[in-house]
Amino acid sequence: MGGAKQDGRYSLRTPSGAVREEVVCVPQFDARPESLRATAPPPEVERGARRGASGAPPKAALTPAEEEEGASSGLDVEDALELPALDVDEALELQGEPELGELEPARQPRSVHSEERLVVPRFDARQPTKPAPPAVPAPTVAHRAKKLIEQLRSVGPEDEGPAVAAFRTLGPDALPFVAEAFPGLCWFDRRLPFKSLPRGRDTGPLARVLAGFGREAVGTVATLMRAPQTDQRFYATLLSVDVPGDEVLEALAERVLDSDLQTFDAACVSLERWAAEHGALEGVLAPMREQLPMAHIDRGPRLRYVTALHRLRDPGALVALARALDPFDAEMAERAHLALRTLTGHDFGARPEDWAKWVKKNASKPRHRWLADALLGDDAMLIHTAAHELLTLGFDARAALDASPRDRKKVRKAALRALD
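Just so we're aligned: the sequence shown equals residues 5 to 424 in the working numbering.
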């Protein structure tokens, strides 16, 4: 769009080629002192009067929209009609250049003509725009996790549910903060006397949180099982059964050699529970069986292996335990001998050669057959041991206790029928 001055008017070319002639009427504001304004009209009005006298075109009436626009500028409609049109240079000097496009030489008007008055509103730059309020960042995972951990410092076994569920919504990113605070509040205090070790998830609220993550927490629990802090290793070892995984099982095997005896005990209990619930302990037991008879290896780990194999009732350790009956190491021989009695229900002495013949004949048989045969023995203690071990395998052989040899044979046959 272009335009040019023509007899006090302005011709504007629209994109369609039509030409509009417009009269620009810019309201002026008298900045003179009050004393001068009362005696003489503003110079702009005088110039406008001279222009009117010299033959300027008559003023057009304002439309209702223009009246409203003029009112918004702080000028009465009648005042706006009384003001004459100004020269464009004067208007631009006083109010700033209106957005009328590029000026170009005047052209002859075409078939379409319009005559409008343009009232330029006044803008007050003294009131700056208020800045938008800063955005409030959402709580981070770290902030929320630490807040939940603080809440779990004083909850009981029945009150931790909402916080545990909230941790699940945070996802695995919250696990490092749980590990940092673990074990936290302990519902089970290992320093007090106890009859048996509880499940790991029942030791405290943070243990419940880790157990709730399941396999997602395998790496975290395995790391805690290798932590330098004894309490972390102990409680994480109990928790291992609730978070099964290869990495956890590997760390559990390492805890058999833990310097803390309670953690070693927790490892044995956890291995027993793992075997009952998950099976697949061959990778843990095989190295123990292999190293057990090696006299040149430090006896400390070998003593731990004997105890662990005994508590796990590992039938595959029969040969290794018989070979561990070391006549030059009384403690080793005693532990191996006790393990053989529990495992088989028999007692052939405390020397390897005493067991050699029986081991060679029975090593390939299942364990329940060793125990069923033990019901026919003469040692009441061994019969009691065999009946108790058969009960752990799923057959109630207590009828053989204090029974006649004939009745014990019947119990043996029943056990073989049930377990074969």
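Even for Gly, the Cβ is constructed at its ideal location relative to N, Cα and C.
Measuring alpha carbon to alpha carbon, tell me which of K365, G216, S158 ends up nearest T173. On the sequence shown, position 169 is the one that residue 173 refers to. Answer by Cα proximity: G216.
Run through DSSP, which three-state label would R421 get? Position 417 of the sequence shown holds residue 421. Correct three-state label for R421: helix.
Excluding the 5 residues flanking A419 on each side, which residues of the same chain have their C-beta closer than 8 Å to its C-beta? The sequence position of residue 419 within the sequence shown is 415, counting from 1. Result list for A419: H372, L375, A376, L379, L394, F399, A401, in chain order.
Counting only the same chain and skipping the five closest in sequence on each side, list residues whose C-beta sits under 7 Å from that of E211. In the sequence shown, the residue the question calls residue 211 occupies position 207. The identity of residue 211 in the sequence shown is Ala, whereas the question assumes Glu. Hits under 7 Å: P187, G204, R205, Y239, L243.
Taking CB distances under 8 Å as the criterion, tell me whether G381 reaches chain C. Among the chains in the structure shown there is no chain C, since it carries only a single protein chain.
Which residues bound the alpha helix (DSSP H) around P356? Counting from one through the sequence shown, the residue named residue 356 turns up at place 352. Segment 356 to 366, the alpha helix (DSSP H) holding P356.
How should H350 be labelled, buried or exposed, when 16 other C-beta atoms within 10 angstroms of its C-beta is the threshold for buried? The sequence position of residue 350 within the sequence shown is 346, counting from 1. The residue in question, H350, is buried, as its Cβ has 16 or more Cβ neighbours within 10 Å.
Separation of D235 from L214, as counted between CA atoms: Residue mapping note: residue 214 aligns to position 210 of the sequence shown, counting from 1. Residue mapping note: residue 235 aligns to position 231 of the sequence shown, counting from 1. Distance between the alpha carbons of L214 and D235: 16 Å.
Closest by C-alpha distance to P429, when choosing among E357, T348, M229: Outside the displayed range of the chain (5 to 424) lies residue 429, so it cannot be described from this structure.
Can you give the Cα-Cα distance for D383 and S408, rounded to whole angstroms? Along the sequence shown, one-based indexing puts residue 383 at 379. Along the sequence shown, one-based indexing puts residue 408 at 404. Cα to Cα, the separation comes out at about 13 Å.
Which residues bound the alpha helix (DSSP H) around A401? By 1-based counting over the sequence shown, the position of residue 401 is 397. A401 -> no alpha helix (DSSP H), and no H or E assigned at all.
Find the nearest neighbour of A231 within the set L296, D193, A185, judged by alpha-carbon distance. By one-based count along the sequence shown, residue 231 stands at place 227. When only C-alpha atoms are compared, the closest one is A185.
Taking C-alpha atoms, which residue in D333, L253, L201 lies nearest to A226? For this step, residue 226 is matched to residue 222 along the sequence shown. The shortest Cα separation from A226 among D333, L253, L201 belongs to L253.
Which residues in the same chain as L96 place their Cβ atom closer than 6 Å to its Cβ, once the five residues preceding and following it in sequence are excluded? Position 92 of the sequence shown holds residue 96. Note on L96: pLDDT 49, under 50, position unreliable in the model; the coordinate value appears next. Same-chain partners within the cutoff: there are none.
Report back the beta-carbon spacing between V247 and G218 to the nearest angstrom; my notes put them in contact at under 8 Å. The count along the sequence shown starts at 1 and reaches residue 247 at position 243. The count along the sequence shown starts at 1 and reaches residue 218 at position 214. Their Cβ separation, rounded to whole angstroms, is 7 Å, which keeps V247 and G218 in contact under 8 Å.
Would you report the Cα separation of K364 and V323, rounded to the nearest angstrom? Numbered from 1 along the sequence shown, position 360 holds the residue referred to as residue 364. Numbered from 1 along the sequence shown, position 319 holds the residue referred to as residue 323. Looking at the two C-alpha atoms, the distance is approximately 9 Å.
Straight-line Cα distance separating T144 from V273: As a first step, residue 273 must be located in the sequence shown, where it is residue number 269. As a first step, residue 144 must be located in the sequence shown, where it is residue number 140. If you take the alpha carbons of V273 and T144, they lie about 39 Å apart.
Taking just the CA atoms, how far does L342 sit from L265? Position 261 of the sequence shown holds residue 265. Position 338 of the sequence shown holds residue 342. Roughly 20 Å separates the two Cα atoms.
Determine the direct distance from the alpha carbon of A328 to that of R410, and round the result to whole angstroms. One-based indexing of the sequence shown puts residue 410 at position 406. One-based indexing of the sequence shown puts residue 328 at position 324. For R410 and A328, the distance between alpha carbons rounds to 36 Å.
Residue burial classification, I301 (beta-carbon count within 10 angstroms, cutoff 16): As a first step, residue 301 must be located in the sequence shown, where it is residue number 297. Per the 10 Å Cβ criterion, exposed.
Spatial distance of L261 from Q155 (CA atoms): In the sequence shown, the residue the question calls residue 261 occupies position 257. In the sequence shown, the residue the question calls residue 155 occupies position 151. L261 and Q155: Cα-Cα distance of roughly 36 Å.
If the criterion is Cβ atoms closer than 8 Å, does the pair R293 and D333 meet it? Residue mapping note: residue 293 aligns to position 289 of the sequence shown, counting from 1. Residue mapping note: residue 333 aligns to position 329 of the sequence shown, counting from 1. The answer is no: Cβ separation not under 8 Å.
Nearest-angstrom Cα separation, counted from A299 out to E258: Looking up residue 258 in the sequence shown gives position 254. Looking up residue 299 in the sequence shown gives position 295. Each residue's alpha carbon lies about 20 Å from the other.
Rounded to the nearest angstrom, what separates L201 and A146 at their Cα positions? Within the sequence shown, numbered from 1, the residue matching residue 201 stands at position 197. Within the sequence shown, numbered from 1, the residue matching residue 146 stands at position 142. If I take the Cα positions, the gap works out to 33 Å.
For L386, which residues of its own chain have a beta-carbon under 8 Å away from its beta-carbon, when the five flanking residues on both sides are left out? In the sequence shown, residue 386 corresponds to position 382, counting from 1. Once the five neighbours on either side are set aside, the close Cβ partners of L386 are R345, G349, H350, D351, A378.
Suppose the cutoff is 7 Å on Cβ atoms and the five residues either side in sequence are ignored; what does the same chain contact list for R315 look like? As a first step, residue 315 must be located in the sequence shown, where it is residue number 311. Excluding positions up to five away in sequence, the list reads C272, E276.
Exposed or buried, what is A390 when buried is set at 16 or more other beta-carbons lying within 10 Å of its beta-carbon? Looking up residue 390 in the sequence shown gives position 386. A390 should be labelled buried.
Does the Cβ of A321 have 16 or more other Cβ atoms within 10 Å, making it buried, or fewer, making it exposed? The count along the sequence shown starts at 1 and reaches residue 321 at position 317. The residue in question, A321, is buried, as its Cβ has 16 or more Cβ neighbours within 10 Å.
Roughly how far, in whole angstroms, is the beta-carbon of R237 from the beta-carbon of T267, given that I think they are within contact range, below 8 Å? Position 233 of the sequence shown holds residue 237. Position 263 of the sequence shown holds residue 267. Their Cβ separation, rounded to whole angstroms, is 5 Å, which keeps R237 and T267 in contact under 8 Å.
Compute the Euclidean distance between the alpha carbons of L325 and L296, then round it to the nearest angstrom. One-based indexing of the sequence shown puts residue 325 at position 321. One-based indexing of the sequence shown puts residue 296 at position 292. Looking at the two C-alpha atoms, the distance is approximately 8 Å.
Is it the case that the Cβ atoms of A337 and A354 are separated by a distance below 8 Å? Numbered from 1 along the sequence shown, position 333 holds the residue referred to as residue 337. Numbered from 1 along the sequence shown, position 350 holds the residue referred to as residue 354. Cβ atoms of A337 and A354: closer than 8 Å.
Under three-state DSSP, which class holds Q295? The sequence position of residue 295 within the sequence shown is 291, counting from 1. Residue state, collapsed to three classes: helix.
Is H350 helix, strand or coil when you go by DSSP? Against the sequence shown, residue 350 aligns to sequence position 346. Three-state result, H350: coil.
Can you tell me which of the three DSSP states W374 falls into? One-based indexing of the sequence shown puts residue 374 at position 370. The answer is helix: DSSP assigns W374 an H, G or I state.
For G312 and V159, what's the separation of their Cα atoms in angstroms? For the purposes of this step, residue 312 is taken as the residue at position 308 of the sequence shown. For the purposes of this step, residue 159 is taken as the residue at position 155 of the sequence shown. In the sequence on display, residue 312 carries Ala and not Gly. Rounded to the nearest angstrom, the two C-alpha atoms are 35 Å apart.
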